[in-house]
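Chains A and B, in that order, give the protein sequences. Residue numbering for the first sequence follows this note's numbering, beginning at 582 and increasing consecutively. Residue numbering for the second sequence follows this note's numbering, beginning at 281 and increasing consecutively. Worksheet: one structure, shown below.
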Amino acid sequence: MNFDLSDEQKMLGEQARGLLSERSPYDHLRGLIDAKAEWDEPLWRELGDMGFLGAMVPEEYGGLSMGALDLGVIAQELGRNNAAVPFFSSIVLCAEAIRLAGNDAQKAQWLPKLASGEAVGCFAYAEGPGPVFATGATFADGRLSGMKSPVADGGIANIAVVLVQGGALALVELDQPGVTRTKFDSFDQLRAHYRIDFADAVAEMMPGESLLEQLIDRAAVQAAFESVGAAEACLNMARDYAMDRQMFGRPLASYQAIKHKLADLAVAVELARSNAFYAGWASQEAPALLPSAAASARLSALAAFEMGARENLQVHGGVGYTQEANCHFYYRRERLNAVALGNRDYWADRLIKNLPTEQAEAA
Amino acid sequence: MDFNDTPQEAAFRTEVRAWLATHAPAHVIPAGEMMDDSEEVQRGKAWQRCVYDGGYAGITLPIELGGRGGSVIEAVVFAEEESKYLLPKGPYIGIGLSMAIAVIAKHGNEAQRDKFIEATLKGDLTWCQLFSEPSAGSDLANVRTKAVQDGNTSWIVNGQKVWSSWAHRSDWGILVVRTDPTVPKHKGMTFFVVDMKSPGVDIRPIRQISGASDFNETFLTDVRIPDENRIGEPGDGWACCMTVLMGERLASGSHKSMVAPLFDYAAATPGTNGGTALDSGSTRLALAQAYAEEQASRWFEARLRTMVSRGENPGALAGMVKLAYATRLQKASGLALELRGLDAMAPAHGDAQTRDIQYDYIWSTAMRIAGGADEVLKNQIAERVLGMPGDVRMDKNVPFQDLK
Chain A
582 MNFDLSDEQK MLGEQARGLL SERSPYDHLR GLIDAKAEWD EPLWRELGDM
632 GFLGAMVPEE YGGLSMGALD LGVIAQELGR NNAAVPFFSS IVLCAEAIRL
682 AGNDAQKAQW LPKLASGEAV GCFAYAEGPG PVFATGATFA DGRLSGMKSP
732 VADGGIANIA VVLVQGGALA LVELDQPGVT RTKFDSFDQL RAHYRIDFAD
782 AVAEMMPGES LLEQLIDRAA VQAAFESVGA AEACLNMARD YAMDRQMFGR
832 PLASYQAIKH KLADLAVAVE LARSNAFYAG WASQEAPALL PSAAASARLS
882 ALAAFEMGAR ENLQVHGGVG YTQEANCHFY YRRERLNAVA LGNRDYWADR
932 LIKNLPTEQA EAA
Chain B
281 MDFNDTPQEA AFRTEVRAWL ATHAPAHVIP AGEMMDDSEE VQRGKAWQRC
331 VYDGGYAGIT LPIELGGRGG SVIEAVVFAE EESKYLLPKG PYIGIGLSMA
381 IAVIAKHGNE AQRDKFIEAT LKGDLTWCQL FSEPSAGSDL ANVRTKAVQD
431 GNTSWIVNGQ KVWSSWAHRS DWGILVVRTD PTVPKHKGMT FFVVDMKSPG
481 VDIRPIRQIS GASDFNETFL TDVRIPDENR IGEPGDGWAC CMTVLMGERL
531 ASGSHKSMVA PLFDYAAATP GTNGGTALDS GSTRLALAQA YAEEQASRWF
581 EARLRTMVSR GENPGALAGM VKLAYATRLQ KASGLALELR GLDAMAPAHG
631 DAQTRDIQYD YIWSTAMRIA GGADEVLKNQ IAERVLGMPG DVRMDKNVPF
681 QDLK
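Okay, here's the thing in structure tokens:
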């Protein structure tokens with residue numbers, strides 16, 4: 582047994598972390614918000630050039646054919662940094678959907694562009710309030726109709742993978758007359774969301790119809806890594822602030838009320854990371870265990886990030902409520918992560934329906 | 281990341297499985313079979329002897345000390361496979377293997393190693409732990425039981441120890457006492473092994489809130505301990521304690537889920553709005569989260585073992601496992617009683633599962649205190665993992681005798 586990331590994976594993480602901390606520091610994120618920027622396009626290009634976007638795309642389509650753990654290492658760093666890039670929409674969901682469910686022509690047309698960052702994709706699933714995996718949109722005779730809302734990164738995306746009636750996935754180019762995009766004020770100021778209306782839009786069905794759950798499970802693993810990275814950033818930010826801040830003649834960090842709060846958070850982060858590791862491993866090596874592993878990873882990661890986002894701001898006191906402090910990036914992102922890809926109720930349900938038997942685990 | 285056994289580990293697992301298949305069944309105690317303490321200890325000793333004869337006792341202990349000289353991972357593999365059988369492996373065996381041998385191997389002299397280690401590995405000697413006192417729990421260095429030297433050859437011990445599991449069935453005890461009250465508390469302690477049949481050792485069961493008496497209080501009145509049973513130098517008691525307490529972690533090999541049976545339990549209980557209790561959203565969420573956390577803990581332990589197998593010391597990280605476990609046990613068992621309804625407070629005769637859950641709910645309180653209370657572990661994590669400052673202390677550099 583060697584239950585740890587490989588040296589190569591650790592190095593990959595360090596590379597991503599180095600690039601992101603240099604190109605996307607908090608002041609840069611604040612600047613993007615002030616400029617009402619849709620996204621951080623230069624950073625996206627750079628991530629593409631360095632191969633981060635194509636990590637899991639097959640080599641024959643211009644990627645690196647790496648695995649879920651490799652991608653997870655990158656997702657963890659993006660979560661830690663809160664970068665304003667459509668990684669989750671374009672890579673984890675759209676490119677993965679095409680890789681899993683698309684036909685050869687669809688793969689050949691889009692995977693190389695998504696892997697390089699030249700094209701951006703999104704995944705359109707929700708249709709207003711309620712459960713996020715909604716299937717009211719319809720597809721017939723090469724035409725797509727219906728409404729999807731909200732769709733993350735829907736404004737910058739060239740293509741969308743759309744969840745339609747019967748749980749099937751349609752592929753649609755967004756720059757066409759049958760598509761109308763309406764921008765919202767997004768709760769997460771670094772992730773633009775859109776309503777997209779389809780009126781007889783030209784679209785293609787992807788042939789792998791029964792792959793929705795697999796796609797979502799695999800994406801949940803990446804979302805877990807992202808949330809673990811973000812939760813750890815909250816933990817470190819709170820710790821650093823408490824070490825520095827003096828209260829009643831001693832460091833804030835010397836009070837048990839603060840120490841115990843952050844110890845609880847540290848436990849939550851390590852447990853969530855462990856589940857993410859296991860789910861990443863299961864993504865690659867034990868597909869039968871993926872549904873329960875992904876659900877467990879998702880639940881643990883959301884718990885850790887929720888605690889991290891809230892308690893980090895709390896430890897900062899009043900300064901945490903200012904835009905100049907950095908707690909709010911995570912406080913807003915956390916709620917987005919909590920509902921994107923299905924809330925806790927959805928994943929609790931999915932876990933209970935997929936509890937592994939002892940036989941499956943022994944196999 | 282490779283979650284599977286390496287070829288060497290797989291070969292070892294195959295060997296262990298075959299050996300257990302041959303030897304374990306004769307020692308299995310079927311679920312529900314009741315027996316008294318002394319019978320259980322006898323069976324535990326017999327199984328330990330069998331393990332010793334098979335060459336699997338003290339897997340990580342160096343060969344020159346009588347162990348197998350194997351790896352931590354081999355010990356984990358053996359524990360995992362062994363835990364598949366219901367074998368008599370209580371504290372009466374575990375304290376000797378994980379605590380007494382560790383401290384004697386590290387701090388003892390050659391004569392002490394010769395006398396105790398092999399006999400303990402063979403199951404001939406059972407041990408109890410005499411550390412905690414009425415006013416020395418989380419603050420263990422506050423021990424007041426004192427030993428006074430009587431000439432050069434022996435010590436006279438007086439005081440009271442508590443929470444000594446299975447002391448009434450133990451041959452020997454590992455004991456920490458105060459030998460110098462004129463120096464600060466961590467510096468004036470000394471470590472001994474004590475023959476539990478010595479005159480002046482009086483063991484009384486503690487009546488616990490569970491109704492059972494797993495633990496004892498041990499009164500020591502003018503107990504004479506020969507100097508040859510002192511472990512380490514006078515004043516080294518705290519270092520010896522640390523060796524013992526570090527060895528307490530990473531011992532478990534069982535992955536039996538505590539939460540998984542609760543899904544079936546909920547599904548077998550009528551629900552508030554028809555259906556079953558497992559149809560309730562809040563119940564589903566709470567149970568699923570507990571299960572997810574339990575799984576996480578299992579993989580976290582795998583990460584810790586990987587660290588140990590590389591020679592890294594997980595330190596205070598290891599305390600996270602127990603910290604999370606005890607709270608989860610309390611929450612999940614408490615939830616299970618609640619979803620069951622009033623019936624859980626007085627279950628029908630024969631409803632063994634509800635009785636077990638009641639017991640878990642009671643026992644979880646002990647788990648949150650024993651082996652490092654929640655609050656102690658949180659301090660350790662904050663200070664040693666996160667690098668936060670230590671608590672303000674009033675007892676630093678103050679001679680023990682001057683403390684309040």
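Ideal Cβ placement from N, Cα and C applies to all residues, glycine included.
Contact annotation for residue 679 (chain A) against chain B: no contact, minimum CB-CB distance about 26 Å [criterion: below 8 Å]. Among the CB atoms of chain B, none fall inside 8 Å of the CB of residue 797 (chain A). Spanning the alpha carbons of residue 780 (chain A) and residue 713 (chain A) requires a straight line of approximately 21 Å.
Per the C-alpha coordinates, the member of B:472, B:283 and B:290 positioned closest to residue 388 (chain B) is B:472. Contact annotation for residue 586 (chain B) against chain A: 582, 583, 584 and 585 [CB-CB distance below 7 Å, chain order].
Using beta-carbon distances, residue 714 (chain A) does not count as an interface residue toward chain B, since no partner is under 8 Å. Not a single C-beta of chain A is nearer than 8 Å to the C-beta of residue 411 (chain B). The C-alpha of residue 896 (chain A) lies about 49 Å from the C-alpha of residue 450 (chain B).
Taking 9 Å as the upper bound on Cβ-Cβ separation, chain A lies near residues 654, 655, 657, 658, 659, 660 and 661 of the stretch 631–661 of chain B.
For the stretch 567–581 of chain B, the residues whose beta carbon sits under 7 Å from a beta carbon of chain A are, in order, 568, 569, 571, 572, 573, 575, 576, 577, 579 and 580. Here the alpha carbon of residue 936 (chain A) sits roughly 23 Å from the alpha carbon of residue 850 (chain A). Distance from the Cα of residue 855 (chain A) is smallest, within the candidate group B:310, B:574 and B:474, for B:574. For residue 730 (chain A), there are no neighbours in chain B by C-beta distance under 8 Å, as the nearest C-beta there is about 25 Å away.
Counting C-beta atoms within 10 angstroms of its own C-beta, residue 680 (chain A) has 16 or more neighbours from the protein chains shown and is therefore classed as buried.
Residue 702 (chain A) carries a strand assignment under DSSP once its states are collapsed to helix, strand and coil. Residues of chain A whose Cβ lies closer than 7 Å to the Cβ of residue 669 (chain B) are, in chain order, 832, 834 and 835. Across the stretch 339–367 of chain B, CB contacts with chain A closer than 7 Å involve 353, in sequence order along the chain. Cβ contact annotation for residue 763 (chain A) (same chain, cutoff 7 Å, sequence separation greater than five): 775 and 776, in chain order. At a cut-off of 8 Å, the C-beta of residue 292 (chain B) has no neighbouring C-beta in chain A. With 16 or more other Cβ atoms inside 10 Å of its own Cβ, residue 671 (chain A) counts as buried. For the 8 Å CB-CB criterion, residue 660 (chain A) and residue 806 (chain A) form a contact.
Here DSSP, grouped into helix, strand and coil, assigns residue 714 (chain A) to coil. Residues of the stretch 635–662 of chain A with a Cβ closer than 8 Å to any Cβ of chain B, in chain order: 650.
The C-alpha of residue 553 (chain B) lies about 14 Å from the C-alpha of residue 620 (chain B). By the neighbour-count criterion, in which a residue is buried when 16 or more other Cβ atoms sit within 10 angstroms of its Cβ, residue 769 (chain A) is buried. Residue 629 (chain B) carries a coil assignment under DSSP once its states are collapsed to helix, strand and coil.
Under the DSSP definition of a beta bridge, residue 499 (chain B) partners with B:440 and B:482.
Counting along the chain, residue 607 (chain B) sits inside the alpha helix (DSSP H) bounded by residues 599–620. In chain B, no part has a C-beta under 8 Å from the C-beta of residue 818 (chain A); the shortest such distance is about 12 Å. Membership of residue 873 (chain A) in the alpha helix (DSSP H) is indicated by the continuous run 871–897. Remark: C-beta atoms of residue 671 (chain B) and residue 683 (chain B) do not approach each other more closely than 8 Å. Using beta-carbon distances, residue 934 (chain A) does not count as an interface residue toward chain B, since no partner is under 8 Å. Counting the other CB atoms within 10 Å of its CB gives residue 629 (chain B) a total below 16, which places it among the exposed residues. The beta carbon of residue 731 (chain A) lies closer than 7 Å to those of 707, 765, 774, 775 and 776 in the same chain, with the five residues before and after it left out. Within the DSSP bridge table, the entry for residue 429 (chain B) names B:435 as partners.
Taken through DSSP and simplified to helix, strand or coil, residue 509 (chain B) comes out as helix.
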